Amino acid sequence: MVLGKVVGTVWATRKDEELVGFKFQIVKHIGLDYKLKDTFVVAVDTVQAGIGDIVLVCSGSSARQTTLTKNKPVDAVIMAVVDKLDIEEEN
Amino acid sequence: MVLGKVVGTVWATRKDEELVGFKFQIVKHIGLDYKLKDTFVVAVDTVQAGIGDIVLVCSGSSARQTTLTKNKPVDAVIMAVVDKLDIEEEN
Amino acid sequence: MVLGKVVGTVWATRKDEELVGFKFQIVKHIGLDYKLKDTFVVAVDTVQAGIGDIVLVCSGSSARQTTLTKNKPVDAVIMAVVDKLDIEEEN
Amino acid sequence: MVLGKVVGTVWATRKDEELVGFKFQIVKHIGLDYKLKDTFVVAVDTVQAGIGDIVLVCSGSSARQTTLTKNKPVDAVIMAVVDKLDIEEEN
Amino acid sequence: MVLGKVVGTVWATRKDEELVGFKFQIVKHIGLDYKLKDTFVVAVDTVQAGIGDIVLVCSGSSARQTTLTKNKPVDAVIMAVVDKLDIEEEN
Chain S
4 MVLGKVVGTV WATRKDEELV GFKFQIVKHI GLDYKLKDTF VVAVDTVQAG IGDIVLVCSG
64 SSARQTTLTK NKPVDAVIMA VVDKLDIEEE N
Chain U
4 MVLGKVVGTV WATRKDEELV GFKFQIVKHI GLDYKLKDTF VVAVDTVQAG IGDIVLVCSG
64 SSARQTTLTK NKPVDAVIMA VVDKLDIEEE N
Chain W
4 MVLGKVVGTV WATRKDEELV GFKFQIVKHI GLDYKLKDTF VVAVDTVQAG IGDIVLVCSG
64 SSARQTTLTK NKPVDAVIMA VVDKLDIEEE N
Chain B
4 MVLGKVVGTV WATRKDEELV GFKFQIVKHI GLDYKLKDTF VVAVDTVQAG IGDIVLVCSG
64 SSARQTTLTK NKPVDAVIMA VVDKLDIEEE N
Chain V
4 MVLGKVVGTV WATRKDEELV GFKFQIVKHI GLDYKLKDTF VVAVDTVQAG IGDIVLVCSG
64 SSARQTTLTK NKPVDAVIMA VVDKLDIEEE N
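Residue numbers (this note's numbering), protein chains in the order written: chain S, 4 to 94; chain U, 4 to 94; chain W, 4 to 94; chain B, 4 to 94; chain V, 4 to 94.
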């Protein structure tokens with residue numbers, strides 16, 4: 004999984020019929036210092052993550068292993084909201 | 004999913020027989036500021052996206068979860084046309 | 004899918020028994036201007052692409068969705084020979 | 004698989020219900036000289052790896068092939084703790 | 004598939020029980036000129052590749068399509084030993 008921060012939402016009316024009702028969140032990747040990177044991914048939210056939340060994003064076929072996303076054409080899903088990172092060894 | 008803009012089309016007469024009738028769109032990746040990046044992907048269009056449309060592209064096995072692409076040898080599909088991006092937190 | 008140009012062939016006598024008879028082509032990635040990039044992928048040819056052909060390469064599990072590659076240990080397949088690219092919007 | 008070193012843990016109370024009890028470890032990628040790289044992945048631990056351990060991380064759908072992670076929305080798993088690397092040819 | 008050269012071996016006693024007896028080879032990526040790159044992957048050997056061999060590595064779910072690796076938590080497999088590369092067009 005990758006770490007990221009929810010920074011926005013994608014609005015899309017015209018989409019595959021299987022995707023009606025899905026919330027597409029924009030997740031910027033972050034480092035272990037919580038700093039935002041330039042890269043981002045658009046992920047379906049399954050845990051009601053809000054703007055500013057630090058989250059874990061699961062990609063690929065594994066993104067279809069939640070009740071919500073089963074058999075759906077999505078390749079990234081927010082499956083956890085992060086409380087904190089415990090970094091014990093950095094070097 | 005990744006964000007991109009449809010900038011063109013790939014014409015291919017000789018192809019796997021399962022792909023007859025498919026439209027292969029060239030999608031350039033974009034940033035959250037809508038600026039085009041240098042990278043691109045060729046994706047099957049399932050939502051009748053047109054040139055200039057901002058779209059969401061789903062990759063990997065998830066690209067085969069639409070009615071059109073089921074069991075087909077394609078690894079990227081346009082599954083939504085983007086209306087707008089709501090960016091609420093950038094830093 | 005990614006765009007590439009067939010520039011050579013890989014010869015491999017000792018291989019998984021499921022792969023006997025497969026043709027492994029070396030495909031260099033290209034840009035929308037047809038210029039070769041430094042990166043490449045080795046892909047199984049299913050459409051009799053020849054040296055110099057511009058092709059579409061499909062990767063991952065989707066590379067196993069052709070009649071030839073079903074259930075085979077291959078992760079990239081040439082599934083179309085490109086006639087031309089129509090680029091209508093570049094900026 | 005990729006080589007990495009366990010440097011920390013992710014705490015996440017709110018998560019997909021299938022993930023209760025999972026341990027999410029932060030694994031920094033390393034080179035063949037054991038030096039830490041800047042990149043990292045968050046992986047589910049299935050072999051009780053501890054902080055400082057050198058590990059192998061398996062990604063994608065293959066990350067769901069352990070007893071623990073079967074059908075779960077995870078895309079990276081620690082499936083081995085490394086004893087040592089034997090590098091016999093470097094150039 | 005990607006091209007690489009076997010440069011070493013990973014020893015791991017503590018691992019997923021499905022992986023007992025597997026040989027994990029360290030494969031450095033190479034260019035079409037056979038020069039080693041800095042990047043590498045750890046792959047399960049299914050064709051008895053030796054140190055110094057040039058090999059093809061198959062990744063992702065396709066790495067589980069050999070008799071040895073079926074349903075195992077591995078995401079990269081050496082499925083061919085390369086005899087030679089025929090590069091016919093470079094520019």
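Even glycine gets a Cβ: it sits at the ideal position worked out from N, Cα and C.
Keep in mind that this is a model prediction, so the values were computed, not measured.
For residue i, list the residues DSSP reports as bridge partners.
i: F43/S; result: K31/S
i: V80/B; result: V47/B, C61/B
i: V85/B; result: Bridge partners of V85/B: none, in fact.
i: R17/W; result: V84/V
i: K101/V; result: Outside the displayed range of chain V (4 to 94) lies residue 101/V, so it cannot be described from this structure.
Does DSSP classify residue i as helix, strand or coil?
i: A66/S; result: helix
i: L71/S; result: coil
Here's a check: name, in chain order, each residue in its chain whose Cβ is nearer than 7 Å to the Cβ of residue i, leaving out the five neighbours to either side.
i: A15/W; result: F27
i: F43/W; result: I29, V30, K31, H32
i: A46/V; result: Q28, V30, V60, A79, V80, I81
i: S62/S; result: D78, A79
Quick one: list the residues of chain A neighbouring residue i, beta-carbon separation under 8 Å, in chain order.
i: D19/W; result: Looking for chain A here will not work: the only protein chains present are S, U, W, B and V.
Out of the options, point me to the one whose CA is closest to residue i's CA.
i: L39/V; options: V50/V, I81/V, I57/V; result: I57/V
i: N74/V; options: S64/B, A79/B, V47/B; result: S64/B
i: V84/S; options: M4/B, G7/B, V23/B; result: V23/B
i: D36/B; options: V80/B, L6/B, M82/B, D78/B; result: L6/B
i: V9/U; options: E91/U, Q51/U, A66/U, K87/U; result: Q51/U
i: G34/W; options: G11/U, A66/U, G34/U; result: G11/U
i: R17/V; options: K87/B, E92/B, E91/B; result: K87/B
i: M4/U; options: E92/S, D89/S, I90/S, R67/S; result: R67/S
i: E91/S; options: I54/B, D89/B, E91/B, I90/B; result: I54/B
Can you list, in chain order, the residues of its chain whose CB lies under 6 Å from that of residue i, leaving out five sequence neighbours each side?
i: L71/U; result: T49
i: D19/B; result: P76
i: F25/U; result: V47
i: D41/U; result: none
i: D89/B; result: none
Excluding sequence positions up to five away, which residues of its chain have a Cβ less than 8 Å from the Cβ of residue i?
i: T69/V; result: T49, V80, M82
i: E21/W; result: N74, K75, P76
i: V13/S; result: F27, Q28, I29, V45
Practice task
Note down, in chain order, all residues in the region 71–85 of chain V with a beta-carbon under 7 Å from any beta-carbon belonging to chain B.
Solution key: Listed by position along the chain: N74, K75, P76, V77, D78, A79.
Handout entry: Positions along the region 38–51 of chain B whose CB lies within less than 9 Å of some CB in chain V
Key = If the cut-off is 9 Å between Cβ atoms, the region 38–51 of chain B has T49, V50, Q51 near chain V.
Practice task
Please name the residues in the region 6–33 of chain V whose beta-carbon is closer than 7 Å to at least one beta-carbon of chain W, in chain order.
Solution key: Listed by position, the residues of the region 6–33 of chain V near chain W (Cβ gap below 7 Å) are L6.
Problem - the region 53–68 of chain U: positions lying closer than 7 Å to chain W by Cβ - result: Within the region 53–68 of chain U, the qualifying residues are I54, G55, G63, S64, A66, R67.
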